[in-house]
Amino acid sequence: MDIAATDFLMDVEGRSSCPVCGKSRKFFCYTCYVPVAGIESRVPRISLPVKIDIIKHKNEIDGKSTAVHAAILAPEDVKIYTYPDIPDYREEDGVVLIFPTPTALTVASLFSGETYQMKENYGLPKGYHMGTLLRFRLNDIVDAHVQQRELPQETSVQSSCGTNHFPVKRALFIDSTWSQCRGIYKDPRLSSLRTVVIQNRISQFWRHQRNSPRWFLATVEAIHQFVLEVHIAAWGLDSRYRGLEHIHLKMNQIPNDRIFLPNELEADVLGTYN
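The sequence shown begins at 31 in the numbering used here and counts up one residue at a time.
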């Protein structure tokens, strides 16, 4: 995976004024979502295959939210809203909410048209969720055969990419603590939407949530994981993701039947992630 050079950030001395609001900032303005003067030309600007809307809890601190990073890097595709001031997505086509509900689809099944009938809450105990704690392999909890729905020829993945038949056009992410996001999800504007769950991966964010599993991702990590899965499902893996084989080797060290519960984690297991 190609990662843009960040050495120039080490040369930034002191703070600068935001070119929009004029407030003193270090690298970027977390309220205007723009880089400070002097480095704006060196900060990458990327386009994403889908639109991303981030719904932020009002108590989330702007300066600590990684949602801002996504808005700075992809300003044409990422928007941030503060709940409850959000659009009504119920009449919009192709909108999904990234949230681990019992009926959530994976990104791969979203593209392939496969659906699963699962046991209640994926067979997990109350309080555990598919998207945050995967205790069993998916094959172990499927309650019925895969149901393949017939798709018109023109809506196949290879022929639909770049057309109006792309299965997802906008993805919503909730930026809040776990207890707060469950309250936001109850809003009818969100709870009526189709939900999608991303694959587990270990967070590399330096300020991960204390007393939470390391696969609780920062918001920008969750966005990256989703976009990566979308790209692979739609177009396949290509040279832009070179280096992922090293991650694959690491993942092979994880027991393939389940991820241990937090109170079962041992030092040698944790060591494979560092």
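We put the beta carbon where it would ideally sit given N, CA and C, even for glycine.
As the structure is a prediction and not an experimental result, all values here were calculated from the model.
- A Cβ-Cβ contact shorter than 8 angstroms links P74 with L103.
- Distance from the Cα of P65 is smallest, within the candidate group I82, D83, V42, for V42.
- For the 8 angstroms CB-CB criterion, V137 and F256 form a contact.
- Pairwise C-beta distances place the stretch 115–130 in contact with the stretch 216–229, as three or more of them are shorter than 8 angstroms.
- Residues of the same chain with a CB within less than 8 angstroms of the CB of A252, apart from the 5 flanking positions on each side, are I128, F203, I228 in chain order.
- When DSSP states are grouped into helix, strand and coil, K94 belongs to the helix group.
- The beta-bridge partner set that DSSP reports for C59 consists of V64.
- Close CB contacts of P197 within its chain, under the 6 angstroms cut and outside five residues either way in sequence, are with L140, F141 (chain order).
- Residue state for A252 is assigned as helix, using DSSP reduced to three classes.
- Within its own chain, the residues whose Cβ lies closer than 8 angstroms to the Cβ of C51, once the five positions on either side in sequence are excluded, are C59, T61, C62, listed in chain order.
- Linking R55 to R72 through their CA atoms gives a straight-line distance of about 17 angstroms.
- Secondary structure at V226: strand, using DSSP grouped into helix, strand and coil.
- Between the stretch 80–96 and the stretch 110–125 there are three or more inter-stretch CB-CB distances shorter than 8 angstroms, so the stretches are counted as touching.
- By the neighbour-count criterion, in which 16 or more other beta carbons inside 10 Å mark a residue as buried, L247 falls on the buried side.
- By the C-beta density criterion, A67 is exposed, having fewer than 16 other C-beta atoms within 10 angstroms.
- The beta-bridge partner set that DSSP reports for I82 consists of V108, A201.
- Close CB contacts of S77 within its chain, under the 8 angstroms cut and outside five residues either way in sequence, are with A104, E106, D107 (chain order).
- A distance below 8 angstroms separates the beta carbons of K81 and R200.
- With 16 or more other Cβ atoms from the protein chains shown falling within 10 Å of its own Cβ, D205 counts as buried.
- Within a 10 Å sphere around the beta-carbon of T207 sit fewer than 16 other beta-carbons, which makes this residue exposed.
- In summary, L267 is exposed, with fewer than 16 beta-carbon neighbours lying within 10 Å of its beta-carbon over all protein chains present.
- The continuous stretches of beta strand (DSSP E) do not include V42, and DSSP gives it neither H nor E.
- Per the coordinates, the alpha-carbon of E122 lies some 42 angstroms from the alpha-carbon of R45.
- Taking D92 as reference, the option from T249, A263, V260 with the minimal CA-CA separation is T249.
- The three-state secondary structure of V137, taken from DSSP, is helix.
- Counted as a single uninterrupted DSSP element, the alpha helix (DSSP H) harbouring I214 occupies residues 208–215.
- Excluding its 5 nearest sequence neighbours in each direction, E70 has C-beta neighbours in its own chain below 8 angstroms: P49, V64, listed in chain order.
- Within the DSSP secondary-structure output, S47 pairs in a beta bridge with S54.
- Assignment of I128 by DSSP, reduced to helix, strand and coil, places it in the strand class.
- Straight-line spacing of the CA atoms in D118 and M40 works out to 42 angstroms.
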